[in-house]
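Asks: First the structure, then my questions, so here it is.
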Amino acid sequence: MTDFNKIEKKWQQKWEKAKIFKTKEDKTKKKQFILEMYPYPSSTGLHMGHAFNYTIGDIYARFKRMNNYNVLYPMGYDALGLPAENAAIKAKKHPKIYTETAIKNFINQQKQLGLSYDWSRLIKTCDPEYYRWNQYFFLQFLKKDLAYRKKAAVNWCP
Numbered sequence: 001m002t003d004f005n006k007i008e009k010k011w012q013q014k015w016e017k018a019k020i021f022k023t024k025e026d027k028t029k030k031k032q033f034i035l036e037m038y039p040y041p042s043s044t045g046l047h048m049g050h051a052f053n054y055t056i057g058d059i060y061a062r063f064k065r066m067n068n069y070n071v072l073y074p075m076g077y078d079a080l081g082l083p084a085e086n087a088a089i090k091a092k093k094h095p096k097i098y099t100e101t102a103i104k105n106f107i108n109q110q111k112q113l114g115l116s117y118d119w120s121r122l123i124k125t126c127d128p129e130y131y132r133w134n135q136y137f138f139l140q141f142l143k144k145d146l147a148y149r150k151k152a153a154v155n156w157c158p
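Numbering of the sequence shown is given in full-length UniProt numbering, commencing with residue 1 and proceeding in unit increments.
If you want it as structure tokens, here you go:
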């Protein structure tokens, strides 16, 4: 009988060792940036909706690579907010511990799906280095009146 877990592990190791999905600078190719929604690490793992959505993005990334594009395809986790905090409270765990554990599980599952992310570009919105820069740029936008509060029928960005 075929041992699919063994085959999967073999190829995951080869891909990781060869850094096959890492984006390298190549000025001879057209650039393509592919970004999907970042999941909330507020559950213990992915569901079928995640697998469906991320497979679509992965197919597109692979298609562009096969057509000689230099593809930047990162993954990240929207880990700074109420969904993650509420999940941690419900699980009776410290939010940081809960979130980091959930993210590790999400990454493992996404790798098992064979998704071709550039894992060297991983983003976690709960990392101080990440939100420090978000805060910095937001303050710069405020100073230049690029961010402002205004009454409107819906939230929008011109």
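Backbone N, C-alpha and C define an ideal beta-carbon position, used for all residues, glycine too.
Just to confirm my understanding: we take Ile-103, look at its own chain, exclude 5 residues before and 5 after, and list those with CB closer than 6 Å. What are they?
Replies: Here residue 103 refers to the residue found at position 103 when the sequence shown is read from its first residue. For Ile-103, where only same-chain residues beyond five positions count, the Cβ hits under 6 Å are Pro-41, Tyr-77.
Asks: Taking the alpha-carbon of Ala-18 as reference, which of Asp-58, Leu-80, Leu-72, Ser-116 has the nearest alpha-carbon?
Replies: Against the sequence shown, residue 18 aligns to sequence position 18. Ranking Asp-58, Leu-80, Leu-72, Ser-116 by Cα distance to Ala-18 puts Ser-116 first.
Asks: Find out if the Cβ-Cβ distance for the pair Gln-32, Lys-64 is shorter than 9 Å.
Replies: Within the sequence shown, the letter at position 32 stands for residue 32. Within the sequence shown, the letter at position 64 stands for residue 64. Contact: yes.
Asks: Using the three-state DSSP reduction, which class does Gly-81 fall into: helix, strand or coil?
Replies: Taking the first residue of the sequence shown as position 1, residue 81 is located at position 81. Correct three-state label for Gly-81: coil.
Asks: Can you tell me where the alpha helix (DSSP H) with Leu-142 in it begins and where it stops?
Replies: What you label residue 142 is simply residue 142 of the sequence shown in a count that begins at 1. Unbroken alpha helix (DSSP H) run through Leu-142: 128-143.
Asks: Give the DSSP bridge partners of Gly-76, in chain order.
Replies: Indexing the sequence shown from 1 puts residue 76 at position 76. The partner list for Gly-76 (beta bridge, DSSP) reads Ile-123.
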